[in-house]
Amino acid sequence: RKEVEQDPGPFNVPEGATVAFNCTYSNSASQSFFWYRQDCRKEPKLLMSVYSSGNEDGRFTAQLNRASQYISLLIRDSKLSDSATYLCVVNSYTGNQFYFGTGTSLTVIP
Amino acid sequence: NAGVTQTPKFRVLKTGQSMTLLCAQDMNHEYMYWYRQDPGMGLRLIHYSVGEGTTAKGEVPDGYNVSRLKKQNFLLGLESAAPSQTSVYFCASSYNPTSGGGTSISNEQFFGPGTRLTVL
Chain Z
1 RKEVEQDPGP FNVPEGATVA FNCTYSNSAS QSFFWYRQDC RKEPKLLMSV YSSGNEDGRF
61 TAQLNRASQY ISLLIRDSKL SDSATYLCVV NSYTGNQFYF GTGTSLTVIP
Chain H
1001 NAGVTQTPKF RVLKTGQSMT LLCAQDMNHE YMYWYRQDPG MGLRLIHYSV GEGTTAKGEV
1061 PDGYNVSRLK KQNFLLGLES AAPSQTSVYF CASSYNPTSG GGTSISNEQF FGPGTRLTVL
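So the protein lines, in turn, are chains Z and H.
Following this note's numbering, the residues of the first sequence are numbered contiguously, the last one being 110.
Following this note's numbering, the residues of the second sequence are numbered contiguously, the last one being 1120.
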């Protein structure tokens, strides 16, 4: 079983739409959770960390459900510039390693 | 600050050749990582280092060796390249992800721009 699983998409949405991505993880001892963004042929960059109580950064909202072991990312009022691949990342039980999902592709259409 | 840099950006090797990828960071991070990214597989950890002079195996270490002689540098070596090692290689660095003073933001990994390696 993979450590982190994501729906690969692709998600094609019109500008202004709201889109949600989910991610599940297998290790209940994981303590750190993140969403990274990766543009085509570029390196991943941190979008936001995910806290137990949920957190929001502008149009982006991240949620963590420890009981069900899943993480979500909600993007409101989608912009063309949001088009990218979104990677779910979870740390190992030792904390030293990070496991990446395969990524969810988003294309925002004019 | 340059952040994380990788050398080279592109390389084509023949099967059996050897090469070394260099990663350098100027953020005084303790932890450094080497990942490979393949279509449909996501990023997979090859090796990592928790400090100068120490290295550890990740998820897919076979066929690779690493060294961390200086805190700011992390080298990835391929002794005898194989076509299965054709991939995009990313280096990353971070502060100690097991510390953090109560904030997860200190666990952020900073990535280099990647090295595209083709083995023929």
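Every residue, glycine too, gets a C-beta built ideally from N, C-alpha and C.
Note that the coordinates shown come from a computational prediction; the quantities given were computed from them, not determined experimentally.
Three-state secondary structure assigned by DSSP to residue i
{"i": "G1101 of chain H", "result": "Since pLDDT at G1101 of chain H reaches only 44, below the 50 mark, its modelled position is unreliable, and the value read off the structure follows with that caveat. The answer is coil: DSSP assigns G1101 of chain H none of H, G, I, E or B."}
{"i": "L1075 of chain H", "result": "strand"}
{"i": "N1107 of chain H", "result": "helix"}
{"i": "L1069 of chain H", "result": "coil"}
{"i": "L1120 of chain H", "result": "coil"}
{"i": "P14 of chain Z", "result": "strand"}
{"i": "D82 of chain Z", "result": "helix"}
{"i": "Q31 of chain Z", "result": "coil"}
{"i": "S1084 of chain H", "result": "helix"}
{"i": "N65 of chain Z", "result": "strand"}
{"i": "R37 of chain Z", "result": "strand"}
{"i": "E56 of chain Z", "result": "strand"}
{"i": "S1093 of chain H", "result": "strand"}
{"i": "Q1037 of chain H", "result": "strand"}
Neighbour-count burial assignment, residue i, 16 or more Cβ in a 10 Å radius
{"i": "L1120 of chain H", "result": "exposed"}
{"i": "V98 of chain Z", "result": "Checking the sequence shown, residue 98 of chain Z turns out to be Phe, not Val. By the 10 Å Cβ count, F98 of chain Z comes out buried."}
{"i": "G1101 of chain H", "result": "Its pLDDT being 44, under 50, G1101 of chain H is placed unreliably by the model, and the measurement read from it follows with that caveat. So G1101 of chain H counts as exposed."}
{"i": "M1032 of chain H", "result": "buried"}
{"i": "P77 of chain Z", "result": "The sequence as given places Asp at residue 77 of chain Z; Pro does not occur at that position. The residue is exposed, with fewer than 16 neighbouring Cβ atoms inside 10 Å."}
{"i": "G1084 of chain H", "result": "Contrary to the premise, residue 1084 of chain H reads as Ser rather than Gly in this sequence. That one is exposed."}
{"i": "L106 of chain Z", "result": "buried"}
{"i": "F1111 of chain H", "result": "buried"}
{"i": "L974 of chain H", "result": "Outside the shown range of chain H (1001 to 1120) lies residue 974 of chain H, about which nothing can therefore be said."}
{"i": "R59 of chain Z", "result": "exposed"}
Cα-Cα separation, residue i to residue j
{"i": "R1036 of chain H", "j": "G1042 of chain H", "result": "8 angstroms"}
{"i": "T1118 of chain H", "j": "A1082 of chain H", "result": "9 angstroms"}
{"i": "V1066 of chain H", "j": "K1057 of chain H", "result": "9 angstroms"}
{"i": "S1104 of chain H", "j": "E1079 of chain H", "result": "Bear in mind that the predicted position of S1104 of chain H carries a pLDDT of just 49, short of 50, making it unreliable; the figure below should be weighed with that in mind. Cα to Cα, S1104 of chain H sits roughly 37 angstroms from E1079 of chain H."}
{"i": "T61 of chain Z", "j": "V1012 of chain H", "result": "42 angstroms"}
{"i": "K79 of chain Z", "j": "N1107 of chain H", "result": "28 angstroms"}
{"i": "T18 of chain Z", "j": "F11 of chain Z", "result": "11 angstroms"}
{"i": "F21 of chain Z", "j": "R1044 of chain H", "result": "21 angstroms"}
{"i": "N1073 of chain H", "j": "L1022 of chain H", "result": "7 angstroms"}
{"i": "T104 of chain Z", "j": "A29 of chain Z", "result": "24 angstroms"}
{"i": "G1114 of chain H", "j": "P44 of chain Z", "result": "10 angstroms"}
{"i": "W1034 of chain H", "j": "S26 of chain Z", "result": "23 angstroms"}
{"i": "S83 of chain Z", "j": "M48 of chain Z", "result": "16 angstroms"}
{"i": "E56 of chain Z", "j": "I71 of chain Z", "result": "13 angstroms"}
{"i": "V90 of chain Z", "j": "G1040 of chain H", "result": "18 angstroms"}
{"i": "F33 of chain Z", "j": "T1015 of chain H", "result": "38 angstroms"}
{"i": "T85 of chain Z", "j": "G16 of chain Z", "result": "18 angstroms"}
{"i": "V50 of chain Z", "j": "F100 of chain Z", "result": "14 angstroms"}
Rounded Cβ spacing between residue i and residue j (contact assumed at less than 8 angstroms)
{"i": "C40 of chain Z", "j": "C88 of chain Z", "result": "The Cβ separation is near 18 angstroms, so there is no contact."}
{"i": "V52 of chain Z", "j": "R37 of chain Z", "result": "The sequence as given places Ser at residue 52 of chain Z; Val does not occur at that position. Not a contact, Cβ separation roughly 22 angstroms."}
{"i": "S1093 of chain H", "j": "V1004 of chain H", "result": "6 angstroms"}
{"i": "T102 of chain Z", "j": "P8 of chain Z", "result": "6 angstroms"}
Chain B residues whose Cβ lies nearer than 8 angstroms to that of residue i
{"i": "V1050 of chain H", "result": "This model lacks chain B altogether, as its protein chains are Z and H."}
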